[in-house]
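Chemist: Submitted below is the structure of interest, expressed as structure tokens.
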Amino acid sequence: MLRSYIYIALPVLGLFLIVFVSISIYNFFKIKKWKKYNIKILNKKLLYKNTISTLRAETFKPFVQYKYKVNGIEYISSKIAFDDECIMEEIPLNFPYERDNNPPPYELLDKILIIQTAFINPSNPKESLLIHVISQNRKNYYFLMFVCGILLIASSFLI
């Protein structure tokens, strides 16, 4: 009886993983078709993200609030990228471990501030992104999930 459940559960789980990854990748590439509009930066700062790490490092993330006009209507957003991990930066701390000895990486913020246009969703102008990138960790995660989905489906035939 348990074996009959495995014949159903493994392919269903594998198919779920493959569909989830496919939808996520489709959503990422769909952004390429969004229109680009000029933006005006309203607010900018570098945020410190408190993380527990054994590497004695600090993680920083840029925050940029910007506005743009679509069909005469003004919108405000702060979404920078599809995947926030790709815009964060981990800075190793210098000894002694004090913030005065480790200045924030303002060049991370400067990379974002040179952007003058944003990707705007034509069907929902409230949705926007400044950068169309995805982190290597997310790519690896999607690849691993896709392979696991294939292996789960294949293993159901081997049992």
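Here the sequence shown stands for residues 7 to 165, where the numbers follow our numbering. Positions of the beta carbon are idealized from the N, C-alpha and C atoms, including for glycine. Here the structure is a predicted model, which means the values were calculated and not measured.
Compare the beta carbon distance of S134 and Y54 with 9 Å and say whether it is the shorter of the two.
Modeler: no
Chemist: Would you please state the rounded distance, in angstroms, between the beta carbons of L119 and K50? I believe it to be under 8 Å.
Modeler: Confirmed, about 6 Å.
Chemist: Using the Cα positions of I37 and F26, report the straight-line distance between them to the nearest angstrom.
Modeler: Computed Cα separation, rounded: 17 Å.
Chemist: Any idea if F22 is buried or exposed, counting beta-carbon neighbours within 10 angstroms, 16 or more meaning buried?
Modeler: exposed
Chemist: Between the beta-carbon of V18 and the beta-carbon of Y43, is there less than 9 Å?
Modeler: no
Chemist: Could you pull the start and end residues of the beta strand (DSSP E) that I82 belongs to?
Modeler: I79 to S83
Chemist: Determine the burial state of V70: buried for a count of at least 16 other Cβ atoms within 10 Å of its Cβ, exposed for fewer.
Modeler: buried
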